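Enquirer: Okay, handing you the structure first.
Numbering (my numbering), first residue to last: 1025 to 1218.
Spelled out as structure tokens, the structure:
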């Protein structure tokens, strides 16, 4: 008997938490074959599972290596869903965004989720990865004609790097060319407004 949408979403989340790459792929295909929307599978299945993995890490039940294995499982599911995620109209200018984790930080799960969401909403993404030298954000944005520079960090000590990127933009006289997005666990609205 076929599983319900809710059962499949729960199974996707469980497969991520259990670090089961192959099971995630099978469940994601079953979910799509049943005619359910890919975006919902991504958000209410895979991302939900990754959130649970984060909670287990915070509770010290999972180690960093466990969370990384969970993210591998999540990305296996994302690869199945990606061709079925909605795309924006091709008749308009495609906005471009440079994204990365600031220098000194290697935590990229949140950055990768934002990248997926922006990508599926019609942005052309240029992913610099993690531990990105600060000048590289500006250099890449200039090279590709980006509209947005998006920076992430999970660690308080590296937040200053985000400010430094904005200073570099000002020093080069190009601050007004870019929308700058900052995010990550320690980032507050007050910090973003500054």
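All residues carry an ideal CB built from backbone N, CA and C; glycine is no exception.
Just so you know, these numbers come straight off a predicted model, no measurement behind them.
1. Return helix, strand or coil for residue 1095, following the three-state DSSP convention.
2. Determine the burial state of residue 1209: buried for a count of at least 16 other Cβ atoms within 10 Å of its Cβ, exposed for fewer.
3. In three-state DSSP terms, what is residue 1182?
4. Return the Cβ separation of residue 1076 and residue 1122 in integer angstroms, given the expectation that the two are a contact with Cβ distance under 8 Å.
5. Which residue from 1101, 1080 and 1170 puts its Cα closest to that of residue 1053?
6. Does the Cβ-Cβ distance between residue 1189 and residue 1126 come in under 9 Å?
7. If we ignore side chains and look at the alpha-carbon of each, how far apart do residue 1061 and residue 1103 end up?
8. With distances taken Cα to Cα, identify the nearest neighbour of residue 1120 among 1166, 1098, 1080 and 1137.
9. Confirm, please, whether the CB-CB distance from residue 1162 to residue 1198 is below 9 Å.
10. Report the residue from 1097, 1089 and 1080 whose alpha carbon sits nearest the alpha carbon of residue 1050.
11. Kindly identify the DSSP beta-bridge partner or partners of residue 1203.
Expert: Based on what the coordinates show:
1. helix
2. Label assigned to residue 1209: exposed.
3. helix
4. Contact check for residue 1076 and residue 1122: beta-carbon distance about 30 Å, past the 8 Å limit, so the pair fails to qualify.
5. 1101
6. yes
7. 15 Å
8. 1166
9. yes
10. 1097
11. 1172
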